[in-house]
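To start, the structure itself, in structure tokens.
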């Protein structure tokens with residue numbers, strides 16, 4: 018969604034005048050634009066609502082910013098010492114780290130140098146306090162993270178097989194059901210003034226529906242992460258309001274019929290045919306740490322990069338989303354952005370952390386095949 022599609026001619030004229038002179042009065046604006054002063058006031062209110070102006074002082078929305086909305090959790094990972102045996106205890110080694118899809122994406126973005134906000138909810142416990150402070154120190158704006166009194170911070174437990182593939186995942190994410198449309202409205206100036214909004218399917222269905230409905234009339238573009246096959250079901254009927262969908266083979270299977278409708282116009286397929294439109298609606302399907310498929314109405318394109326020793330795949334898909342969005346924000350084409358994103362996913366899979374501890378943009382670029 019470009020600015021031209023959400024602004025009429027009068028709004029563009031007024032915005033251009035304010036950009037040249039942020040201190041211009043409404044009366045001078047009216048005279049310059051040939052409009053009545055009350056009409057100018059109405060247009061200024063619309064520009065503020067759409068996220069192009071912030072507040073009464075004609076402060077322009079800061080460019081190149083991504084808002085992440087969704088899950089923030091504590092991840093506890095247990096690696097089995099041998100093959101998993103059902104119905105009994107299994108010896109394993111364990112560790113804990115910070116997780117949650119939106120949280121992981123926001124930290125990745127901050128470490129890439131991207132201006133990033135997180136809108137989420139944590140419990141009034143030590144886990145929540147530590148999580149928020151960690152993100153703040155990593156460079157994420159956490160002013161949109163609310164503390165839910167009497168609730169526990171979300172927790173995800175992953176049991177990994179000997180080869181580091183996920184054997185089973187268990188999540189306690191009841192706290193995310195407290196996120197409502199009113200939660201987003203309280204942060205709306207931050208959200209609406211972003212270039213991209215990334216939301217994950219930890220959010221309630223009505224919140225995802227409301228957010229996708231807001232996208233058409235505002236400046237931001239919307240990306241969604243499916244999180245899991247179970248949670249991907251929340252997106253049924255909503256794909257038309259999403260610019261970029263990040264999913265996996267298993268999650269995409271839940272939305273198979275709707276994804277077929279989205280790509281019905283597919284005419285090209287192959288490794289050397291790139292999507293024609295940089296900003297076209299697209300689905301990025303993650304097959305594993307070094308492989309993905311990008312599908313638009315124009316084409317399907319497969320990408321693969323070499324992967325070193327895989328230590329843990331838990332945060333790889335989130336790294337893919339962050340790398341792709343950060344590159345799109347920098348002006349890269351969709352395919353260029355996905356190449357960077359899958360490189361980040363491959364890099365993240367070589368560590369036991371959800372976010373690579375040495376992550377920087379130059380570090381990823383240096384490791385990418387040329």
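Residue numbers (this note's numbering): 18 to 387.
Ideal Cβ placement from N, Cα and C applies to all residues, glycine included.
Ignoring anything shorter than 4 residues, give me the alpha helix (DSSP H) runs that lie fully in the segment 209–278, in order along the chain. If we require 4 residues or more, the alpha helix (DSSP H) runs fully inside the segment 209–278 come out as 222–231, 246–249 and 266–271.
Subject >> Bridge-paired residues (DSSP) for residue 92 >> reply: Paired residues: 114 and 173.
(Q) Here's the rule I'm using: 16 or more other beta-carbon atoms within 10 Å means buried, otherwise exposed. How should residue 270 be labelled? (A) Per the 10 Å Cβ criterion, exposed.
TODO: Note down the Cα distance separating residue 212 from residue 158, rounded to an integer number of angstroms.
DONE: One C-alpha to the other measures close to 15 Å.
inquiry  = Please report the distance separating the alpha-carbon of residue 24 from that of residue 369.
reply    = Spanning the two alpha carbons is a distance of roughly 46 Å.
Give me, in chain order, the residues of the same chain whose beta-carbon lies closer than 8 Å to that of residue 326; leave out the 5 immediate sequence neighbours on both sides. 367.
Measuring straight from C-alpha to C-alpha, what distance separates residue 47 and residue 246? About 53 Å.
Handout entry: Contact test: residue 60 Cβ vs the ligand MG heavy atom, cutoff 8 Å
Key = The ligand MG is not among the ligands present in this structure, which contains no ligands whatsoever.
*asked:* Quick check: residue 342 and residue 83, are their CB atoms within less than 9 Å of each other?
replied: Residue 83 is positioned such that its CB atom lies closer than 9 Å to that of residue 342.
Does residue 260 pass the burial test, meaning 16 or more other C-beta atoms within 10 Å, or should it be called exposed? With 16 or more Cβ atoms within 10 Å of its Cβ, residue 260 is classed as buried.
Q) Do residue 119 and residue 140 have their C-beta atoms within less than 9 Å of each other? A) For residue 119 and residue 140, no; Cβs fall outside 9 Å.
Could you tell me whether the segment 232–245 touches the segment 100–112, where touching means 3 or more Cβ pairs closer than 8 Å? Contact between the segment 232–245 and the segment 100–112 is absent, because fewer than three Cβ pairs lie under 8 Å.
Of all the options 253, 346 and 62, which has the alpha carbon lying nearest to the alpha carbon of residue 226?
The candidate whose alpha carbon is nearest that of residue 226 is 253.
Next on the checklist: If the criterion is Cβ atoms closer than 9 Å, does the pair residue 86 and residue 209 meet it?
Outcome noted: Note that the C-beta distance between residue 86 and residue 209 is not below 9 Å.
### Message
Considering only their Cβ atoms, is the gap separating residue 330 from residue 183 smaller than 9 Å?
### Response
Cβ distance < 9 Å, so residue 183 and residue 330 count as in contact.
| message | With the cut-off set at 9 Å, would you say residue 217 and residue 243 are in Cβ contact? | response | The criterion of a C-beta distance shorter than 9 Å is satisfied by residue 217 and residue 243.
- request: Under the assumption that residue 359 contacts residue 322 (Cβ atoms under 8 Å), give the Cβ distance between them as a whole number of angstroms.
  value: In this structure residue 359 touches residue 322 by the C-beta definition: roughly 5 Å separates them, less than 8 Å.
Open item on the list: Going by the DSSP bridge assignment, what does residue 134 pair with across the sheet?
Closed with: Paired residue(s): 84 and 158.
Length of the line joining the Cα atoms of residue 147 and residue 356:
The alpha-carbon atoms of residue 147 and residue 356 are separated by roughly 33 Å.
When 31, 100 and 70 are compared against residue 53, the one with the closest alpha-carbon
Taking the Cα of residue 53 as reference, the smallest distance to any Cα among 31, 100 and 70 is reached at 31.
query: Roughly how many whole angstroms lie between the Cα atoms of residue 121 and residue 179?
result: The alpha-carbon of residue 121 is positioned some 24 Å away from that of residue 179.
- Query: Skipping 5 residues on each side, what residues in its chain have a beta carbon closer than 6 Å to that of residue 361?
  - Reply: For residue 361, where only same-chain residues beyond five positions count, the Cβ hits under 6 Å are 336, 340 and 381.
*Assign residue 177 to buried or exposed, taking buried as 16 or more other Cβ atoms, counted over all protein chains shown, within 10 Å of its Cβ.*
Buried.
- Query: Considering residue 187, what are the terminal residues of the beta strand (DSSP E) in which it resides?
  - Reply: For residue 187, the uninterrupted beta strand (DSSP E) segment begins and ends at 183–189.
* **Close-in-space but distant-in-sequence residues of the same chain around residue 378 (CB under 8 Å, 5 per side omitted)** => Counting only Cβ-Cβ distances below 8 Å, and skipping sequence neighbours, we find 129, 130 and 343.
Exercise. Residue 138 and residue 165 look like a contact to me (Cβ under 8 Å); what is the Cβ gap, rounded to whole Å?
Worked result: The C-beta distance from residue 138 to residue 165 rounds to 5 Å, short enough to fall under 8 Å.
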